[in-house]
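Residue numbers (my numbering): 26 to 296.
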C-alpha cells in the first residue's frame with residue numbers, strides 16, 4: 026500500500042492498494058508503470074499551483090512494516106515584465122508620479138526604483154502587493170516625483186522573494202525639468218571648459234613673449250659687443266693717427282730747425 030497526502034488535508038492525493046490506484050486530478054506516480062517490482066513511489070504533480078504548496082506525507086505499507094516520510098513542496102512563479110506609466114502623462118516641473126506593475130508571481134516580491142545615476146529610490150516609493158484567487162501576486166509600486174528632484178530616466182526592477190532580479194523596465198522622461206544644483210553644475214562645467222582653453226592660450230602667449238624678450242636681449246647684447254669693439258678699434262685708429270701726426274710735426278720742427286742752422290752758418294763766415 027502507498028499513500029500520498031497533504032498534511033493539512035485528510036483525503037489522500039494518491040492512494041494505491043492491491044493493484045488499484047486512485048488519485049486526485051494532476052497527481053500521479055512519477056513512473057506510471059509502478060508495480061510490485063518497480064519500487065519508485067515518487068509523486069508527480071503535473072500542473073503545480075500555489076495551493077498545492079506545503080508538506081506532504083508518504084506512507085508505504087509492506088510485509089516488513091510501515092515506512093512513513095514527509096517532504097516539503099515549495100512553489101515559485103515568475104513575475105511578468107514590469108509595466109511603467111506616469112501621472113500625469115507628461116511630467117512637468119510641478120512633479121508627478123511613476124507607477125510600476127508586475128503580475129503573476131509567487132511568493133511575494135518587491136519593486137525597486139533606480140535612477141539614471143544608480144541611486145536607489147525604493148524607500149521613497151509605496152508598494153501594494155495584492156494576492157489573487159489563484160494565489161499569485163500583483164505588485165504595484167508608486168514613486169512620487171518631487172519638484173527639484175526629477176531625473177530623465179528611471180528603472181523599475183522586480184525582485185523575487187530570494188532577492189534575485191526577475192525583470193526590469195526603463196522609463197524616460199521627455200524634457201525633464203532641471204534638478205536643483207544641476208544648472209549650477211552645468212554652468213561650472215561650461216565655465217571650466219572656457220577657462221581651460223584660455224589658460225592654454227595665455228600660457229602660449231607668455232611663452233612666446235619670453236622667447237621674443239630672450240632673443241631681443243641676445244641681439245642687444247651682440248650689438249653692444251659689436252659697438253664696443255668698433256669703438257675700441259676707432260680709438261686705436263685715433264691714437265695711431267695722433268701718434269703719426271705727432272711724429273710728422275716733430276719731423277717738421279726738426280727739419281725747420283736744421284734749415285735755420287744751415288742758413289746762419291755762411292753769414293758767420295763772411296764776417
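In this text, a Cβ means the ideal position worked out from N, Cα and C, and glycines have one as well.
Residue closest to residue i, alpha-carbon to alpha-carbon, out of the options
i           : options            : result
residue 50  : 38, 43, 42, 165    : 38
residue 172 : 190, 117, 36       : 117
residue 84  : 94, 139, 77        : 94
residue 26  : 89, 78, 244        : 89
residue 189 : 177, 124, 103, 162 : 103
residue 170 : 149, 109, 72, 155  : 149
residue 180 : 98, 194, 28        : 194
residue 138 : 178, 52, 87, 160   : 178
residue 44  : 52, 31, 32, 63     : 63
residue 73  : 87, 200, 86, 52    : 52
residue 98  : 30, 144, 238       : 30
residue 65  : 28, 47, 141, 200   : 28
Where residue i falls, given that 16 or more other Cβ within 10 Å makes a residue buried
i           : result
residue 92  : exposed
residue 127 : buried
residue 166 : buried
residue 183 : buried
residue 81  : buried
residue 198 : buried
residue 32  : exposed
residue 121 : buried
Nearest-angstrom Cβ-Cβ length linking residue i and residue j, presumed shorter than 8 Å
i           : j           : result
residue 107 : residue 192 : 6 Å
residue 100 : residue 75  : 5 Å
residue 78  : residue 67  : So it is not a contact: roughly 18 Å between Cβ atoms.
residue 123 : residue 111 : 5 Å
Collapsed DSSP secondary structure at residue i in the structure displayed
i           : result
residue 35  : coil
residue 156 : strand
residue 30  : strand
residue 259 : Its pLDDT being 45, under 50, residue 259 is placed unreliably in this model, and the value from its coordinates should be taken loosely. Helix at residue 259.
residue 144 : coil
residue 76  : helix
residue 189 : coil
Beta-carbon spacing of residue i, residue j below 8 Å
i           : j           : result
residue 185 : residue 129 : no
residue 136 : residue 152 : yes
residue 162 : residue 109 : no
residue 133 : residue 154 : yes
residue 146 : residue 168 : yes
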